[in-house]
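In terms of numbering that gives the first Met the number 0, the sequence shown is numbered consecutively and its last residue is 442.
Virtual Cβ for every residue (Gly too), placed ideally from N, Cα, C.
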Amino acid sequence: MTPPQPQGRPGAAPSSGSEFVALTRSPGFWRIVGYAALFGIVLAFAALAFLGLLKAGGKWFTRPKDPGWFDGNLWWVAVTAGAGVIVGVLRRVFRLPAKLPGTIEEIKEQRVEPATVPAAVAVSLLSLVGGASLGPEDALGKMGGGLGTWVSERQKLGEDERATNALSGMAGAYGGLLASPLMATILVVEVAREKARRFADTLVASLLSSSIAFAIYFAIAGSTFVGIFDVPSYKYRDWQLLAAIPLGLVAGALGLITVIVIGVMTKLTAPLAKRTILRATIGGLIFGLVGVALPLTLFTGTDQLPTVIRDGATLGAGLLIAVVFAKMLVFALCEATGFVGGPFLVMLFIGGTAGTAAHVLIPGLPEGLAFAAMFAALPGSLVAAPFSLILLAALTTQVGTLQIAPVAVAVLTGYLAVSGTGTLMALANRAGKPAGPTTKTAG
């Protein structure tokens with residue numbers, strides 16, 4: 000005879016065991032897990048191939064030992080202009096839409112149009128190899144989200160499963176890029192803002208996909224983002240929490256200026272919208288010339304930031320400030336003239352360089368504090384992903400557990416000052432565009 004089961008009081012919450020069973024028995028859970036594992040494997044090799052081609056193709060560029068004013072080579076302009084010609088031709092041949100959804104937009108929509116992925120990835124690769132001031136995260140996100148969407152639509156899965164597969168695919172792609180499964184998962188889940196009923200499924204699937212991708216990627220490439228920016232260590236002091244507030248405000252102002260510059264560049268290049276090849280060629284020519292004047296403005300900025308950290312004092316505050324604003328200009332120019340790439344890594348460069356400039360101007364402000372705070376706060380002012388950006392700063396700089404507290408204050412300050420007050424939405428509405436970070440500004 001089965002013994003009577005203990006009766007809980009009416010309205011009591013289910014036991015933790017029941018909750019665990021509910022997760023693993025939710026409709027389609029194991030199917031989602033299976034797809035996540037598959038995505039992790041496929042996207043690890045896709046990321047290896049894309050980033051490998053990018054590294055090999057970018058070997059034409061050798062950064063000067065002293066990347067100061069006009070230390071670039073004039074022949075770079077021929078390469079960047081040539082890249083513009085190829086980008087324009089590819090866009091016309093592949094009939095790419097004039098405006099492609101960006102990383103943030105695709106994560107929020109939880110869908111990537113599979114038909115545009117191959118062409119967008121090819122154009123992005125040529126853009127980045129040619130020195131465009133953009134990042135690889137857009138192409139990788141399209142590969143991951145496109146794969147998840149394509150598989151789901153082929154298998155005629157439901158809307159919820161399709162969305163989860165798209166997000167776990169993106170997490171798998173970013174697991175290779177960021178070399179951190181935790182970072183990739185938090186970024187995707189935080190930006191997507193999943194509904195409570197699907198949060199657990201998406202979290203598990205994304206973590207599994209990114210973990211598998213990371214394991215394969217690291218075993219072959221052996222690279223990781225952890226500690227990539229070796230900033231000087233410093234001791235935590237209470238006053239640093241207050242110092243983080245103006246750093247966050249300045250970072251927010253720079254983020255807002257970046258959005259404005261993008262809007263201006265978009266309007267200036269609008270008359271050339273139908274002349275795809277000419278538009279991209281002019282863009283390549285101009286950002287190449289800027290690169291000759293300020294070599295640190297070319298490419299994504301990830302490889303240039305260590306130089307900024309190491310030689311910031313030697314380069315001087317004036318040059319660093321010029322690099323910050325020139326980087327905004329070429330970033331906006333590249334997007335407005337048809338080059339394809341992501342904004343995150345570029346914004347991190349702008350923020351980190353501004354932080355180093357702040358330290359040079361105010362020597363009593365620790366470089367590690369200024370760098371990490373503005374590094375995370377600038378993109379944090381535009382995108383509601385504070386946990387992701389704080390974690391990214393902690394992983395890439397390794398400043399320490401206590402030292403990351405001012406970074407959190409800076410990120411929160413920047414976000415509240417720009418997005419939280421409605422400033423960004425008002426600016427977007429005035430420009431006649433969707434509110435929030437634009438397709439290219441935040442993805």
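Ranking D310, R62, S132 and S418 by CA distance to the CA of F298 puts S132 first. Of the candidates G282, Q154 and L319, G282 places its Cα closest to the Cα of G129. Residues L42, A45, V116, V120 and A172 of the same chain have their beta carbon placed closer than 7 Å to that of M142, with the five preceding and five following residues left out of the count. Beta-bridge annotation (DSSP): G134 is paired with G341. Pairing G341 with F330, the inter-Cα distance amounts to about 10 Å. Taking C-beta atoms as the reference points, T355 and L319 count as a pair closer than 7 Å. I285 and A114 have their C-alpha atoms spaced approximately 31 Å apart. For I185 and K273, the gap between their C-alpha atoms comes out near 39 Å. Note that the C-beta distance between G413 and G379 is below 7 Å. W59 and L50 have their C-alpha atoms roughly 16 Å apart. Taking a contact as a CB-CB distance under 8 Å, the pair L364 and A375 does not count as one, their CB atoms being some 16 Å apart. For F343, the closest of V122, A316, T280 and A384 by C-alpha to C-alpha distance is A384. Measuring C-alpha to C-alpha distances from A325 to each of T296, V382, T275 and D302 identifies T296 as the nearest. For Y173, the uninterrupted alpha helix (DSSP H) segment begins and ends at E158 to L177. In the three-state reduction of the DSSP assignment, E366 falls in the helix class, which pools H, G and I. Counting only the Cα atoms, A165 lies some 7 Å from L146.
Counting only residues of its own chain and dropping the five nearest sequence neighbours on each side, I85 has a CB closer than 7 Å to the CB of L125.
Nearest to G27 by C-alpha distance, out of T306, K155, P270 and M346, is K155.
The beta carbon of L47 lies closer than 7 Å to those of G175, Y216, I219 and A220 in the same chain, with the five residues before and after it left out. Apart from the 5 residues on each side of it in sequence, W75 sits with its Cβ closer than 8 Å to the Cβ of F60, G130, G287, G290, V291 and L297 in its chain, given in chain order.
Here L332 has M264, G282, I285 and F286 as same chain residues with Cβ atoms under 7 Å from its own Cβ, once five neighbours each way along the sequence are excluded.
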